[in-house]
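Have a look at the structure below, then the notes.
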Amino acid sequence: SPDGRYLVFSSSREGRYHLFMMTETGQNQKKITSMKGDQTAPSWGP
């Protein structure tokens, strides 16, 4: 994230690639996409 508190990453842990967010320490991982198809290119917006 722009403030450095969160990281977004792509993982295939559920079969398809989805985006997940976690804190800078690697805790509190949460899936943030649920669309069909692979999600592999996260970006932050204003």
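At position 33 of the sequence shown (counting the first as 1) the number is 627 in the numbering used here, and the numbers step up by one without a gap.
Heads up, the beta-carbon is just placed ideally off N, CA and C, and yes, glycines get one too.
Beta-carbon gap between residue i and residue j smaller than 7 Å
i, j, result
"residue 627", "residue 604", "no"
"residue 636", "residue 602", "yes"
"residue 623", "residue 614", "yes"
Bounding residues of the beta strand (DSSP E) (the contiguous stretch that carries residue i)
i, result
"residue 600", "600-605"
Simplified DSSP state of residue i, which is helix, strand or coil
i, result
"residue 630", "coil"
"residue 617", "strand"
Whole-angstrom distance between residue j and residue i, CA atom to CA atom
i, j, result
"residue 617", "residue 632", "23 Å"
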